[in-house]
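Below is one structure, written out as structure tokens, with a few remarks after it.
Residue numbers (the UniProt record's numbering): 1 to 530.
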């Protein structure tokens, strides 16, 4: 055992899952973080009044308090947050705590000190023990007044320099405000979409998940809310989600292929079409330093009217949009391109049009054995409405294909671009920027993803119209920056007319969402600590 303190049970929350929550001193978090090592096997144990021990999960904390959660309703008596007393200097107090090893309830008598302006402790009150000694077991436990009402929660032992040890505590009114700020009581959100930590609040990385958190950060994903990792929550709308039928390349070295939808697509395409697709569809990712910003698919194309020395890729401008301002590109991003099995190269943004979400990227190092598509020459169109959406898996570069039918108009689409059409192909975010082809391999358009039941795509003729106004690649003409492609009527007063939102990744665990019926009910009142 590295450290032991006490905790105060809080009124039951409003999640669907049965949970028991305790508030304790942030001293527990400091000890937890200071004693972590590479094994990352630290755990928190909670000893209950019946002397039973159960696992606890450290979650939110700030400089004063921390939250520990246990699975199930444990039969403890939560405090009544509405019953509180006002501390006055000189009052007699009693600090309660529970010894972890023996499970015995212990108490210390003392007196309140007049509030002093101690360094970084201006918001806290202090008390001193009558025995001049303060046990760490009372930290996180309640401080009781002479009428047995709770004055606050004990936080830490301090030495003000006058030879008298004192214990700081957070008064009940401030504790209630903190718990509301933590969203522990009266939560404002019912789910984890768009979840962010409250201001000045942190979250403990659970034991055993340090590498997972590092990987999530490097992928640019949001850090999971408390308990989501421990309770096997899911990250939704991430770039690694596969779709359709997967087609690993020859010599695929991994034993297990990611799971697709199970539909059969590749066998319905001629073998030569499949070969062409495998040699002209690439995966792309943009990075801000070592953190990935976006991932999508691209199509190697023959550049028109120019003797371009570099291979050119057609993809979505979402790859390079600014995260804080979607009406601009982020010039600090670097681009990486992957064509399985082993061809990788950096990419250079050459042209972009944010109104139609088009980007042209050139390779800094040309690939071999490729078959770029000539989208500028209109090929014979198949009379069938059947189409196939192509993408590459963001992690391994596996080809993905989903079949469907092209529809007239854009009914069901969430994008507001009037030039967009839709297909019934079911894709995921990694398919953004990928080609939509018909069964004879002809390029129909470029796919997007908006989270609706259909797949929006920008038709070939509109892409050609946008790109027909530019010719030589900027990087081959001595320019060191990309050039925007302006289209008549595409913008007004410098503001993009069309919006291309991409569903943001978020964490989900249905049992940890707030129970809506409970949320609409009355106030939760706990029991007064006796």
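Heads up, the beta-carbon is just placed ideally off N, CA and C, and yes, glycines get one too.
Distance CB(residue i)-CB(residue j) smaller than 8 Å
i           : j           : result
residue 457 : residue 373 : no
residue 201 : residue 182 : yes
residue 170 : residue 65  : yes
residue 6   : residue 98  : yes
residue 459 : residue 445 : yes
residue 315 : residue 367 : no
residue 184 : residue 13  : yes
residue 297 : residue 434 : yes
residue 260 : residue 245 : yes
residue 432 : residue 243 : no
residue 407 : residue 384 : no
residue 376 : residue 464 : yes
residue 212 : residue 229 : yes
residue 353 : residue 500 : no
residue 282 : residue 338 : yes
residue 126 : residue 168 : yes
residue 103 : residue 51  : yes
residue 397 : residue 340 : yes
residue 45  : residue 137 : no
residue 236 : residue 221 : no
residue 387 : residue 436 : yes
For residue i: DSSP bridge partner residues
i           : result
residue 499 : DSSP output for residue 499 lists no bridge partner at all.
residue 437 : 388, 443
residue 57  : 69
residue 158 : 166
residue 288 : 291
residue 98  : 105
Option in the options with minimal Cα separation from residue i
i           : options            : result
residue 92  : 108, 81, 80        : 108
residue 54  : 64, 72, 251        : 72
residue 186 : 194, 192, 176      : 176
residue 301 : 128, 359, 132      : 359
residue 268 : 234, 308, 501, 438 : 438
residue 41  : 402, 2, 51         : 2
residue 335 : 473, 136, 361      : 361
residue 319 : 326, 308, 332, 295 : 295
residue 217 : 290, 156, 231      : 290
residue 468 : 487, 455, 477      : 487
residue 415 : 502, 134, 329      : 502
residue 83  : 150, 198, 364      : 150
residue 208 : 231, 452, 39       : 39
residue 329 : 483, 131, 476, 16  : 483
Local Cβ density within 10 Å of residue i, reported as buried at 16 or more and exposed below that
i           : result
residue 492 : Note that residue 492 scores 49 on pLDDT, short of 50, meaning its location in the model is unreliable and no value can be drawn from it.
residue 512 : buried
residue 321 : buried
residue 270 : exposed
residue 497 : exposed
residue 272 : exposed
residue 481 : exposed
residue 401 : buried
residue 324 : exposed
residue 210 : exposed
residue 403 : buried
residue 173 : exposed
residue 509 : buried
residue 394 : buried
residue 450 : buried
residue 253 : exposed
residue 225 : buried
residue 447 : buried
residue 75  : exposed
Nearest-angstrom Cα separation, counted from residue j out to residue i
i           : j           : result
residue 165 : residue 145 : 20 Å
residue 105 : residue 152 : 18 Å
residue 535 : residue 287 : Since the first and last residues shown for the chain are 1 and 530, residue 535 lies out of range.
residue 538 : residue 18  : Absent from the model: residue 538. The displayed extent of the chain is 1 to 530, so no value can be given.
residue 399 : residue 249 : 8 Å
residue 194 : residue 506 : 7 Å
residue 128 : residue 90  : 10 Å
residue 110 : residue 60  : 30 Å
residue 247 : residue 139 : 58 Å
residue 489 : residue 355 : Per-residue confidence for residue 489 stands at a pLDDT of 49, beneath the threshold of 50, marking its modelled position as unreliable; no derived number is given.
residue 30  : residue 63  : 9 Å
residue 504 : residue 179 : 28 Å
residue 85  : residue 148 : 9 Å
residue 238 : residue 292 : 12 Å
residue 349 : residue 342 : 22 Å
residue 10  : residue 159 : 30 Å
residue 411 : residue 192 : 29 Å
residue 378 : residue 363 : 25 Å
residue 309 : residue 206 : 51 Å
Chain D contact for residue i (CB, 8 Å cutoff)
i           : result
residue 229 : Protein chains in the displayed structure number just one, and chain D is not present.
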